[in-house]
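In our numbering, the protein residues as written are 1 to 147.
We put the beta carbon where it would ideally sit given N, CA and C, even for glycine.
What follows is a single structure, written as structure tokens, with notes after it.
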Amino acid sequence: MQNKFSFMTIMTFVVIASVTLFSCDGESNYKSSPSERFHNYLQESWVSIRTPYSWETKGRLVIGYNSITISGSIRPFNIDYSSGYTKDIALKGYSEESSSAVDEKRGILFIRDKGTLKSVPYVRWRAANIYMLTVGTTPDDETFRQE
Numbered sequence: 001m002q003n004k005f006s007f008m009t010i011m012t013f014v015v016i017a018s019v020t021l022f023s024c025d026g027e028s029n030y031k032s033s034p035s036e037r038f039h040n041y042l043q044e045s046w047v048s049i050r051t052p053y054s055w056e057t058k059g060r061l062v063i064g065y066n067s068i069t070i071s072g073s074i075r076p077f078n079i080d081y082s083s084g085y086t087k088d089i090a091l092k093g094y095s096e097e098s099s100s101a102v103d104e105k106r107g108i109l110f111i112r113d114k115g116t117l118k119s120v121p122y123v124r125w126r127a128a129n130i131y132m133l134t135v136g137t138t139p140d141d142e143t144f145r146q147e
């Protein structure tokens, strides 16, 4: 009887540990819901078409499934030092589409940076068989081409 009790106790602990381990929402096995990811058509490497000043580096966005990396000088992301976005590090984020046409999609990029969820509007459009991405609002918008 004692061997049966020990076996059942061990099995119970194994089951509890397995359920606890596999049901946690840890960062390593976190799966974003469809509303917490960037749309497929944004998941690319984008390079700015603006010619930078001599002291600036060319702007670039690398958008993945649920992260965005901002590099270089990009107008809507360089507001000022305290409110600007962290550069060259993958930031968590997602996009929400507000309107869609055949060759144009509009929406908002949501980016979590420094503990705050920030937002920037975007338009993805097509010009001469190349997809372009414009982020920001006039006059602080920036246009990128697909790399």
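DSSP-derived helix/strand/coil call for residue i
i	result
F38	coil
S71	strand
S54	coil
Beta-carbon proximity of residue i to residue j, cut-off 8 Å
i	j	result
S71	K87	yes
V47	E147	yes
R60	D140	no
W125	E96	no
S73	P52	yes
Y85	F38	no
T69	I89	yes
Y151	V102	This structure cannot settle anything about residue 151, because the visible part of the chain is limited to 1 through 147.
Opening and closing residue of the beta strand (DSSP E) in which residue i lies
i	result
I111	E104 to D113
R126	T116 to A127
S148	This structure cannot settle anything about residue 148, because the visible part of the chain is limited to 1 through 147.
F144	E142 to Q146
Y65	Note, Y65: premise wrong, no beta strand (DSSP E); not H, not E.
T134	I130 to V135
CB-CB length for residue i against residue j, believed under 8 Å
i	j	result
L109	S119	7 Å
I130	R106	About 18 Å separates the two Cβ atoms, so there is no contact after all.
I91	I63	For the record, residue 91 in the displayed sequence is Leu; it is not Ile. That pair is no contact at about 10 Å.
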